[in-house]
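Peer 1:
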Amino acid sequence: MRALKIIYLYRMRFADVIGHEELKKKLVHACNEGRISHAQQFLGPEGCGNLALAIAYASYLLCENKSEDDSCGSCPSCVKVKKLVHPDLTFTYPVAPKGKIDKPKSSDFASEWREAVLENPWITYHDWVELLDIENKQGIIAVEEAKDIIARLSLKAVEGGFKIVIIWLPETMNAPTANKLLKIIEEPPDKTVFLLVSQQYDLVMPTISSRTQLIKVKRLSEKEIEEALVQNFGKEAPVARHLAHRAEGSFSEALRMINHEEETQNLDQWYLNWMRACYTLNMIQIGGLTQEFKAGSRELQKGQLQHALNITRECMMINFGPKSLIKIEGKELEDFTRFAQFITMNNCESFYQEMNEAIYHLERNANSGILFTDLSLKIHKLLRAN
Ligand SMILES: [Zn+2]
Numbered sequence: 064m065r066a067l068k069i070i071y072l073y074r075m076r077f078a079d080v081i082g083h084e085e086l087k088k089k090l091v092h093a094c095n096e097g098r099i100s101h102a103q104q105f106l107g108p109e110g111c112g113n114l115a116l117a118i119a120y121a122s123y124l125l126c127e128n129k130s131e132d133d134s135c136g137s138c139p140s141c142v143k144v145k146k147l148v149h150p151d152l153t154f155t156y157p158v159a160p161k162g163k164i165d166k167p168k169s170s171d172f173a174s175e176w177r178e179a180v181l182e183n184p185w186i187t188y189h190d191w192v193e194l195l196d197i198e199n200k201q202g203i204i205a206v207e208e209a210k211d212i213i214a215r216l217s218l219k220a221v222e223g224g225f226k227i228v229i230i231w232l233p234e235t236m237n238a239p240t241a242n243k244l245l246k247i248i249e250e251p252p253d254k255t256v257f258l259l260v261s262q263q264y265d266l267v268m269p270t271i272s273s274r275t276q277l278i279k280v281k282r283l284s285e286k287e288i289e290e291a292l293v294q295n296f297g298k299e300a301p302v303a304r305h306l307a308h309r310a311e312g313s314f315s316e317a318l319r320m321i322n323h324e325e326e327t328q329n330l331d332q333w334y335l336n337w338m339r340a341c342y343t344l345n346m347i348q349i350g351g352l353t354q355e356f357k358a359g360s361r362e363l364q365k366g367q368l369q370h371a372l373n374i375t376r377e378c379m380m381i382n383f384g385p386k387s388l389i390k391i392e393g394k395e396l397e398d399f400t401r402f403a404q405f406i407t408m409n410n411c412e413s414f415y416q417e418m419n420e421a422i423y424h425l426e427r428n429a430n431s432g433i434l435f436t437d438l439s440l441k442i443h444k445l446l447r448a449n
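All letters in the sequence shown, in the order written, are residues 64 to 449 by this note's numbering.
#1: Going by DSSP in three states, Val256 sits in which element: helix, strand or coil?
#2: Apart from the five residues on each side of it in sequence, which residues of its chain come closer than 6 angstroms, Cβ to Cβ, to Ile303?
#3: Closest by CA to Ser431, which one among Arg376, Leu368, Asn410?
#4: Which residue's Cα is closest to the Cα of Pro4: Thr353, Ile230, Leu344, Met346?
#5: Give the DSSP bridge partners of Leu106, in chain order.
#6: Judging by CA-CA distance, which residue of Asp79, Lys87, Arg361 is the nearest neighbour of Val280?
#7: Counting by C-beta, which residues lie closer than 7 angstroms to a heavy atom of ligand 1, in chain order?
#8: Among Gly110, Ala121, Asp171, Ile442, which one has its Cα closest to the Cα of Leu335?
#9: Tell me, please, which residues DSSP counts as bridged to Lys161.
#10: Among the residues of its own chain, which have a CB less than 7 angstroms from the CB of Leu147, if the five just before and after it don't count?
#11: Mind listing, in chain order, the continuous alpha helix (DSSP H) runs of no fewer than 4 residues lying wholly within the region 74-143?
#12: Where Glu175 and Leu116 are concerned, what is the direct C-alpha to C-alpha distance, given to the nearest angstrom?
#13: Does the region 267-285 touch the region 93-109, meaning 3 or more C-beta pairs lie closer than 8 angstroms?
#14: Less than 6 angstroms between C-beta atoms, sequence neighbours within five positions excluded: which residues of the same chain meet that for Ala66?
#15: Excluding five sequence neighbours on each side, which residues of the same chain lie with their C-beta closer than 7 angstroms to the C-beta of Phe225?
#16: Give the straight-line distance between the Cα atoms of Lys68 and Glu250, rounded to the nearest whole angstrom.
#17: Inspect the CB distances between the region 346-354 and the region 400-418 and report whether three or more fall short of 8 angstroms.
#18: Helix, strand or coil for Thr450, going by three-state DSSP, please let me know.
#19: The alpha helix (DSSP H) that contains Leu194, what's its start and end?
#20: Count the other C-beta atoms from every protein chain shown that fall within 10 angstroms of the C-beta of Phe383, then say buried if there are 16 or more, exposed otherwise.
#21: In terms of residue numbering, what span does the alpha helix (DSSP H) encompassing Trp176 cover?
#22: What number of angstroms, rounded off, separates the C-alpha of Ala448 from the C-alpha of Arg339?
#23: For Phe405, list the residues DSSP reports as bridge partners.
#24: What beta strand (DSSP E) runs, 3 residues minimum, are completely inside the region 337-384?
#25: Within 10 angstroms of the Cβ of Glu324, are there 16 or more other Cβ atoms? Answer buried if so, exposed if not.
#26: Per DSSP, Trp231 forms a beta bridge with which residues?
#27: In the DSSP assignment, what are the bridge partners of Lys226?
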C-alpha cells in the first residue's frame, strides 16, 4: 500500500468516526447504562468504518475520564489507544505464512497492522494483504491465533479495567479456529469484551455469530462522505461531491481514489484498450493483455474486473439512465460516451452477467489466463451482436 498523500490524524474517538451518529448515541447510551455485551459483532459493508467504530467503542470502554458521549482523548488510556499500544486492547486479523513464519498469528504482524490502521482505519482486506505482501495467499485466522487469544485472556487486565479483543474479518476464520474459540466467546473471563468486525454475515461461522450481539453498521451516505472529504481532507466541495458520488458509500473507496488517481486513470485506459482488442478480435493484443492479467495477483485481478464492471455500468447509465446517476465527468465521460454506443439494450444484460460471472469464478480460483481469454471472446461476440 502506498503512503496516503493526505494524512488525517485519526484519534480513535467517536468524534473521529465519519457518520453513524445515531448508532454512536446508542452505543454510548448502552455503555452508560452498564449494558455491555461480552461479544458484539459490528457488521457493515466494506468502507463503512465498522473497524473505526469498534476501536472508538473500545476507547470509550477503556477511557478513565469519559464524557456522556465520547472518550476524553487525553487520559493515559486514551493516549495508548490512539497509538494502538494499549495492553488491554488486542487485535486479531487475517494473516498468511510469510518467510520464516509458517504458522502465523496476528502478533507476528503487529507493527504492520498498527501502522496500517493508524494511517487508515477504513482499511480493506485488499489493502491489508497488499501491505503484507501475501497477495497470492489467502489471509486467514488460523487455529494458532485462537490459542493465542486464549493465552492473552488468561492474564489479568494490565490496567485493571476491561480486556478487549477486536477480531477484524471473522469471516476469514476457519472451522478449527471457530471451534477453539466457541467456549471463550460464550463465557469469557470477567470484564472481557469481544468485538467482531465483519462485512459478510453469511460467511462468518454461524456458531460464532450466534454467540454475538449483532450491531448493524450502515453504508455511509454520499453527504457524509462528501462532508468528511471537505472537512478532514481539505477537498474542494465539487471534487468531494464527485468522489463521494463514485465511492458508493465506501469511504475506503473515496480514499483509494484520492490516493490512486493515476492508477484509476490507468485502469480506465486499460479497459478501453481491452474493449478495442475485443471488438476487433485482435488476438495478439488479447494474448498480451491475458499475459499481463495473469501476472497480477488474484486481488489485483479481481480489482481490474470489478473496475471493468463499474465502467460497464457507467456506460449503461450514459446510454439509458438518468444523467444524475452518471458518476464520471470531463475527459473520462467523453471517452466512455464514445465506447458506450457499443453497449446496447440487446447486449448490456449479458455483458454485465459475463463480467460478474468471471469475478465469481476468479474468487473460486479459476485459471486466470483461460478465464480472461474466454471472457474476451465472449465480449467480442456481445459487442458485435448489437
Ligand atoms: Zn480518556
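Glycine included, C-beta positions come from ideal geometry on N, C-alpha and C.
Peer 2: The short version:
#1: Reduced to three states, the DSSP call for Val256 is strand.
#2: Per the sequence shown, residue 303 should be read as Ala rather than Ile. If we look at Ala303 and ignore the five residues flanking it on each side, its Cβ neighbours are Glu289, Leu292, Val293.
#3: Leu368
#4: As shown, the chain starts at 64 and ends at 449. That puts residue 4 outside it, with no answer to give.
#5: Listed as beta-bridge partners of Leu106 by DSSP are Ser261, Lys279.
#6: Lys87
#7: Cys126, Glu127, Asn128, Lys129, Ser134, Cys135, Gly136, Ser137, Cys138, Ser140, Cys141
#8: Comparing Cα-Cα distances from Leu335 to each of Gly110, Ala121, Asp171, Ile442, the minimum goes to Ile442.
#9: Ile164
#10: Within the same chain, Leu147 has close Cβ partners Arg177, Val180, Leu181.
#11: DSSP runs (the alpha helix (DSSP H)) wholly in the region 74-143: 84-95, 113-125.
#12: 20 angstroms
#13: yes
#14: Only weak support exists for where Ala66 lies, its pLDDT of 41 falling under 50; the coordinates are left without a value.
#15: Leu124, Leu125, Asp151, Lys254, Val256
#16: Note that Lys68 scores 44 on pLDDT, short of 50, meaning its location in the model is unreliable; the coordinates nonetheless yield the value given after this. About 44 angstroms.
#17: no
#18: For the chain, the structure presents residues 64 to 449; residue 450 sits outside this window and is missing.
#19: Its alpha helix (DSSP H) spans residues 188-195.
#20: In the assembly as shown, Phe383 is an exposed residue. Its beta-carbon has fewer than 16 other beta-carbons within 10 Å.
#21: Where Trp176 is concerned, the enclosing alpha helix (DSSP H) stretches over 173-182.
#22: 15 angstroms
#23: DSSP output for Phe405 lists no bridge partner at all.
#24: none
#25: exposed
#26: Val260
#27: Thr255
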